[in-house]
Each structure stands twice: as C-alpha cells, then as structure tokens.
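Have a look at the structure below, then the notes.
Numbering (the working numbering), first residue to last: 85 to 441.
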C-alpha cells in the first residue's frame, strides 16, 4: 500500500508542474511510469487465480496447449484463433500461472501504451494511465475477461489513430481485423471504426440512433427486433444455460443511466471545447463512445451484457481526461485535482483494491 501511495504522490506532484520543467520532464515521467507498471506487474503476479471468473478456463487451456503443436491447439480450441495462438506461444515459454498472468498483463499494457502514444506526450500518458487504473473495468479486463481486454487493447490502437487524424491506414486496418480474432464481440466495434473512418458521420445522426436504441432497450423490444436476425453471435451470448448461472440481469436500468450520464458529460464538454484546438479529437471520441454504447443498448437483453457495455465504458477515462491533457494551455492544478478525485473514487468503489491489498 505504501509503495502505491508513494508512486501516486510523486505522480500528482509531477503533474502539478508545467510540462518541460525541472519536475515535469520526460525522464522523470518515464521513471514513474516504469515504477508504476512494475508495481502493478508484481501485484498481478502475486494474485491467486479466482475460480469464480473466466481466468481458470483460460489457464487450463494454457496448460493443455503446452503438450500440443500449434495446429493441434487450433484444432482443440473453441476460442478465437489469434487468442489461441497467443496462449499457445506463452505455454511454450513457461506453464507457470504467474508467468501466464504477468505475460498477459504485459501484452495488454504494451498495446495500451502504444495506442496512447498515437496522441499523447509522456506526462499525458501518465495522467491517463492513472485515470484508467481507477476505472473498475481496467483490471477486470485482464484478471477476468482477458479475451475482451486484449481485443479492446488492440482496438484502442485503431481508435486513437482515428481520433488523432494520423495517416496510419495500414496499422488501423490491421488493428480492426485482429481485434475480432481475439474476441468476436469486437467485430461490431471494428465495423463501427471502419464506418467512422470512411464516412463523415454526424454526431447528431448518431445521437438520434442512440435515442432510438435506448427506447428499444427500455421497452425490452431490442430482443424482439434483433431476435429475428437469428445471428449466431447474439444467440451464443443469450444462451439459456448461461442465463441460468448469470445473476447480473439483462436490460439493466442502472447500466443505461450510467451510460447516459457520460454521454451527457461528453456533450457538455464538447460544447465547452467548441472553439478549442482539441475539439475535433473530442468530437471523434464522443462519436465512438456513442456508437460503442449503441452496441450495448441493442444487445442489452443478452447474457453478460455488462461485458458489451464495458466496451463503451472503457472510454470514460478518456472522455474525462482528454480535454484536460490536450488543451493548448495545460492546467496542471486542475489535472492533478481531477486525478485525485478519480483516485478517491477508485478507493471507494474498489477499483484499486489489488494495488493496496
């Protein structure tokens, strides 16, 4: 606990200074980033595999692959191909549970940091990483729903390329193709990013679709409308046997309210940024959040719909922190204050429990 508090204290102190100063420079930032990631890595390695989530299934597959060739593993596995190849590769290095957790985490965080570097400077990356470790989804994506976590970390690369406006088409298309090969639930999101890249979709149009989807969600008509499609992907999520063991509920009103709160937040911030240099980036981010959340609203009736909602919720730290970190005139005190509030929320909701236990 003491180490975590010390790293956070140093981080907030650094971020409370202007960029390129004696305190807030890239060398100091890199040292703190390294210490933070190393600390998290040790914490994840020390955790026991929780028998109540998906991790034991992934670990058992990982152990089985150790005795198989790659083609045998692909034939044996019922998981997506790229995820199976990743597990098989790890199994050939070591079959230690610590190695499996740490290697998966390091792959996730490496992809995540690569994506952040598409837009942000080192001190901005530190601020955003702190924001993310207070997000209740962040560690769940590695310690529970690992496939989705790795899929979103790949998708994040394409997402930030799109937001930045950089001409990195090859990387963008590789990312949106690879993400569904890790978890098929990322396929609609890849298509959403593709549509946003090809077409100039207006936010007003997306909000209209979101409202319509919300009405379907609230009236439970989403199941009627999409049930007709008979899509294999949807039916696999709403399987009756899964529903019997799933206690999270479907078409949950609290999930809807939570999603709507941050949509309204995004619209408010967008209005404040109307004539700022980072308006276009935030406008694109908000479009992506709306499209990802439409995905959840339409499939709110399926089993484990919270995992679909998590795709859009994963963008919440960016919705909060992107305006602060990309303004032409960086406000260090305001940024530090917001991060402190997020840390307090993380303590309250248990998001940082694994780092202070």
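Cβ coordinates follow ideal geometry from the N, Cα and C atoms, glycine included.
Nearest-angstrom beta carbon gap, residue j and residue i [assumed within contact, 8 angstroms]
i, j, result
"residue 152", "residue 116", "Contact flag wrong, Cβ pair sits at about 42 angstroms."
"residue 143", "residue 183", "Incorrect: roughly 11 angstroms between the Cβ atoms, too far for contact."
"residue 300", "residue 273", "Between residue 273 and residue 300 the Cβ distance is about 19 angstroms, and since that is not below 8 angstroms, they are no contact."
"residue 402", "residue 306", "Contact flag wrong, Cβ pair sits at about 27 angstroms."
"residue 234", "residue 192", "6 angstroms"
"residue 391", "residue 125", "Not a contact, Cβ separation roughly 25 angstroms."
"residue 343", "residue 367", "Actually they do not touch by this definition, with Cβ atoms about 19 angstroms apart."
"residue 172", "residue 197", "Not quite, the Cβ-Cβ distance comes to about 25 angstroms (not below 8 angstroms), so this is no contact."
"residue 212", "residue 409", "7 angstroms"
"residue 96", "residue 406", "Not really, about 19 angstroms apart at Cβ, beyond 8 angstroms."
Close beta carbons around residue i, own chain, < 6 angstroms, minus the five adjacent residues each side
i, result
"residue 399", "373"
"residue 370", "350 and 354"
"residue 302", "none"
"residue 441", "none"
"residue 298", "381"
"residue 220", "433 and 435"
"residue 237", "192, 195 and 196"
"residue 161", "168"
"residue 104", "none"
Spatial neighbours of residue i in its chain, beta-carbon cut-off 8 angstroms, leaving aside the 5 residues before and after
i, result
"residue 91", "116, 119, 120 and 123"
"residue 320", "With a pLDDT of 48 at residue 320, under the threshold of 50, the modelled position of that residue is not reliable, and no figure is offered here."
"residue 427", "92, 214, 218 and 436"
"residue 179", "146, 147 and 150"
"residue 181", "133 and 143"
"residue 415", "408"
"residue 87", "123"
"residue 292", "none"
"residue 442", "Not covered by the structure: residue 442. The range shown for the chain is 85 to 441."
Identity of the residue in the options nearest residue i by Cα
i, options, result
"residue 202", "221, 365, 178 and 309", "365"
"residue 404", "109, 248 and 418", "418"
"residue 270", "367, 107 and 375", "375"
"residue 388", "414, 176, 336 and 434", "336"
"residue 385", "357, 425, 304 and 356", "304"
"residue 204", "358, 190 and 247", "247"
"residue 340", "357, 356 and 295", "295"
"residue 252", "430, 96 and 199", "199"
"residue 282", "249, 292 and 420", "249"
"residue 421", "159, 85 and 101", "101"
"residue 468", "362, 429 and 393", "Since the first residue of the chain shown is 85 and the last is 441, residue 468 is not available in this structure."
"residue 394", "106, 231 and 110", "231"
"residue 190", "160, 225 and 293", "225"
"residue 430", "360, 111, 216 and 285", "216"
Beta-carbon proximity list for residue i, same chain, < 7 angstroms, skipping 5 on both sides
i, result
"residue 255", "241 and 245"
"residue 223", "438"
"residue 187", "174"
"residue 127", "438 and 439"
"residue 327", "Reliability fails at residue 327, whose pLDDT of 49 lies under 50, so the model's placement of it is uncertain and the value that follows must be treated cautiously. For residue 327, where only same-chain residues beyond five positions count, the Cβ hits under 7 angstroms are 387."
"residue 309", "300"
"residue 113", "98, 206, 207 and 210"
"residue 396", "343, 373, 376, 377 and 380"
"residue 290", "371, 374 and 375"
"residue 110", "206"
"residue 158", "165 and 168"
Any non-hydrogen atom of the ligand ADP within 8 angstroms of residue i CB
i, result
"residue 115", "In terms of ligand content, the structure shown is empty, and the ligand ADP therefore cannot be addressed."
Handout entry: Given 8 angstroms, three or more beta-carbon pairs between the region 258-274 and the region 345-362
Key = no
Handout entry: Cβ contact check for the region 157-170 and the region 208-223: 3 or more pairs under 8 angstroms
Key = no
Exercise for the section: Inspect the CB distances between the region 238-257 and the region 275-288 and report whether three or more fall short of 8 angstroms. Expected result: yes
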